[in-house]
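Below: one structure, written as structure tokens.
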Amino acid sequence: MNISHIDTDDPWSVTEKDLRKEIRSLREAGESAAVATVMTVEGSAYRRPGAKMLISADQRNYGAVTAGCLEDMVLDIGHDVIETDEPRIEVFDLMENNDEAWGLGLGCNGVIELFVEPLDASWDYPLATVADNDPVTVLTVIDSEGSLPRGSRTVITDNARRNAKTRRKIPSALIESVDDKIASVHSTNQTYVAQLDETRVLIDGLIPTDDLLIFGGQRDITPVTQLANQVGFRTHVHSGRGAIDESSIPIADSVTTGHPTEIATHVNTDETTYAIVMSHNLLDDKLAVETLLRETEVPHIGIMGPNERFEELRESLMKDGLQLTAADLDRISAPVGLDLGGGEPVEIALSIVSEALAVSNDRTGGQLCEQAGYIHSRIGQKGNSE
Numbered sequence: 006m007n008i009s010h011i012d013t014d015d016p017w018s019v020t021e022k023d024l025r026k027e028i029r030s031l032r033e034a035g036e037s038a039a040v041a042t043v044m045t046v047e048g049s050a051y052r053r054p055g056a057k058m059l060i061s062a063d064q065r066n067y068g069a070v071t072a073g074c075l076e077d078m079v080l081d082i083g084h085d086v087i088e089t090d091e092p093r094i095e096v097f098d099l100m101e102n103n104d105e106a107w108g109l110g111l112g113c114n115g116v117i118e119l120f121v122e123p124l125d126a127s128w129d130y131p132l133a134t135v136a137d138n139d140p141v142t143v144l145t146v147i148d149s150e151g152s153l154p155r156g157s158r159t160v161i162t163d164n165a166r167r168n169a170k171t172r173r174k175i176p177s178a179l180i181e182s183v184d185d186k187i188a189s190v191h192s193t194n195q196t197y198v199a200q201l202d203e204t205r206v207l208i209d210g211l212i213p214t215d216d217l218l219i220f221g222g223q224r225d226i227t228p229v230t231q232l233a234n235q236v237g238f239r240t241h242v243h244s245g246r247g248a249i250d251e252s253s254i255p256i257a258d259s260v261t262t263g264h265p266t267e268i269a270t271h272v273n274t275d276e277t278t279y280a281i282v283m284s285h286n287l288l289d290d291k292l293a294v295e296t297l298l299r300e301t302e303v304p305h306i307g308i309m310g311p312n313e314r315f316e317e318l319r320e321s322l323m324k325d326g327l328q329l330t331a332a333d334l335d336r337i338s339a340p341v342g343l344d345l346g347g348g349e350p351v352e353i354a355l356s357i358v359s360e361a362l363a364v365s366n367d368r369t370g371g372q373l374c375e376q377a378g379y380i381h382s383r384i385g386q387k388g389n390s391e
């Protein structure tokens with residue numbers, strides 16, 4: 006079997022968006038594969054719970070669950086899972102960094118618990134739902150001393166429960182006993198393992214991919230779009246002057262042209278979309294900002310240009326009858342970007358995308374060395390994720 010899309014030279018650059026797309030492609034092609042999911046972490050680890058890795062039958066990986074410490078072993082396990090068609094749990098204890106057991110210089114120092122399962126039809130509905138911009142929570146039995154087999158699965162959406170066709174369903178009573186955990190995980194990208202007497206359940210929250218809406222048509226949108234794709238945003242470019250099309254910026258997920266006031270008509274514009282206004286035309290920028298403020302729920306509107314330019318834009322909005330409120334100003338970031346100090350086009354793009362990424366993760370973009378506690382927020386997990 007061959008996974009044609011896999012870049013075997015750089016599996017660590019795969020985003021969650023890429024991984025989901027590849028899983029759906031494999032399912033449509035009817036190809037065999039396995040999926041490894043990080044369930045729990047104790048101590049330090051490169052990836053946090055919920056991280057996934059796709060494994061082909063010829064033992065290639067797409068995505069990663071560590072920084073490279075365990076990938077070869079996980080590939081072997083994935084191959085066995087594909088051959089047996091049975092899910093497995095694997096625990097890797099690297100707390101003591103035992104070189105004889107694990108090889109020299111691993112650099113990992115934690116306990117990582119993985120769930121490795123065959124890729125089957127139970128993945129179709131949750132990934133299709135997420136692709137339609139709705140969150141899901143996937144409940145999977147990972148251990149049970151009763152009659153409920155490992156791999157039993159039920160999918161929770163905003164309005165319903167759905168049992169996987171290829172898996173045993175999870176009884177309603179068991180689901181109701183973890184309702185509080187489901188509520189904590191649903192609509193987040195977090196993962197939790199619940200212990201219920203003789204049964205352990207993996208509660209895996211899957212949320213839609215965040216969108217980055219880029220308004221502009223000059224060449225400086227290219228590095229912004231490229232970096233945004235690399236960190237996992239779904240990118241949409243809208244040009245108010247018709248200067249570009251899909252062929253001129255093929256790295257974007259979608260490209261549209263039209264009046265600046267049409268910026269909100271071609272893409273999802275709820276609280277999971279982040280906007281960058283960078284047309285370099287004050288009138289077009291003003292119209293785009295006004296539309297985003299009045300017609301969308303976009304929480305972050307980054308505007309390129311110095312403070313003086315934003316004040317000019319703001320005064321123009323006031324003349325048109327739009328007085329920016331405190332809530333409006335909370336949504337606006339002008340000048341856009343984090344203070345990285347760089348002036349090259351790619352450095353400016355990195356500053357812009359870094360700020361959007363920080364906002365999407367409810368962070369400020371400060372230095373990690375200046376903060377205490379966990380790097381990543383998580384529910385009921387021990388240790389730290391690095």
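All you need for our numbering is the position in the sequence shown, starting with 1, plus 5. The C-beta atom is built at its ideal place from N, Cα and C for all residues, glycine as well. No experiment lies behind these values; they were computed from the predicted model shown.
Of all C-beta pairs linking the region 20-34 to the region 167-175, fewer than three are shorter than 8 Å, placing the two stretches out of contact. By the neighbour-count criterion, in which 16 or more other beta carbons inside 10 Å mark a residue as buried, Trp128 falls on the buried side. The region 332-341 and the region 182-193 do not touch, with fewer than three beta-carbon pairs separated by less than 8 Å.
In this structure Pro92 is buried. Its beta-carbon is surrounded by 16 or more other beta-carbon atoms within 10 angstroms.
Boundaries of the beta strand (DSSP E) harbouring Tyr197: Thr196 to Leu201, taken from the DSSP string. Taking Glu302 as the centre and dropping the five residues before and after it, the same chain places the C-beta of Thr274, Asp275 and Glu276 closer than 7 Å to its C-beta, in chain order. As summarised for the region 9-78, the continuous alpha helix (DSSP H) elements at least 4 residues long and confined to that stretch are 21-34, given in chain order. In the same chain as Leu153, and ignoring 5 residues on each side of it, the C-beta atoms closer than 6 Å to its own belong to Val146, in chain order. Taken atom to atom, the span from the alpha-carbon of Glu320 to that of Leu287 is near 12 Å. Proximity of the region 34-47 to the region 86-100 meets the contact definition, three or more beta-carbon pairs being nearer than 8 Å. The Cβ-Cβ distance between Leu132 and Arg52 does not fall below 7 Å. DSSP places Leu298 in the uninterrupted alpha helix (DSSP H) bounded by Leu287 to Glu300. Non-local beta-carbon contacts of Ile180 in its own chain, meaning distances under 8 Å to residues more than five positions away in sequence, involve Leu144, Thr159, Ile161, Arg166 and Ile187 in chain order. Non-local C-beta neighbours of Met100 in its own chain, meaning closer than 7 Å and more than five positions away in sequence, comprise Gly48, Asn114, Gly115 and Val116, ordered along the chain. Straight through space, the alpha carbons of Met283 and Ala293 are spaced by roughly 10 Å.
With distances taken between CA atoms, Pro54 lies nearest to Val70 out of Asp63, Ser61 and Val70. In the DSSP assignment, Ser365 falls within the alpha helix (DSSP H) that extends over Pro350 to Ser365. Segment contact: the region 306-319 against the region 244-255, fewer than three CB-CB distances shorter than 8 Å; contact not assigned.
Rounded to whole angstroms, the separation of the alpha carbons of Leu75 and Glu95 is 11 Å. Just measuring C-alpha positions, the residue of Thr296, Glu375 and Arg239 sitting nearest Ala361 is Arg239.
One alpha carbon belongs to Ser182, the other to Ala280, and they sit about 40 Å apart.
Its Cα nearest to that of Val121, the residue Met58 stands out among Met58, Asp333, Gln200 and His243. Spatial neighbours of Leu373 in its own chain (CB-CB distance under 8 Å, excluding positions within 5 residues in sequence) are listed in chain order as Ile380. About 27 Å separates the beta carbon of Gly247 from that of Thr214, a gap too long to meet the 8 Å contact definition. Along the region 249-282, the beta strand (DSSP E) occurs as fully enclosed runs of 3 or more residues at 259-262 and 278-282, listed in sequence order. With contacts defined as CB atoms closer than 7 Å, Ala41 and Leu124 fail to qualify as a contacting pair. The alpha helix (DSSP H) runs lying completely inside the region 125-156 and spanning 4 residues or more are 129-136, given in chain order. Around the beta carbon of Leu218, a 10 Å sphere encloses 16 or more other beta carbons of the protein chains shown; the residue is thus reported as buried.
Annotation: the region 304-334 contains the following complete segments of the beta strand (DSSP E) (minimum length 3 residues), in chain order: 305-308.
Assigned with DSSP and collapsed to three states, Asp344 falls in coil, not helix or strand.
With 16 or more other Cβ atoms inside 10 Å of its own Cβ, Thr227 counts as buried.
A Cβ-Cβ separation of about 7 Å places Ser157 in contact with Lys174 under the 8 Å criterion. Distance between Gln200 and Val206, taken at the CA atoms: about 7 Å.
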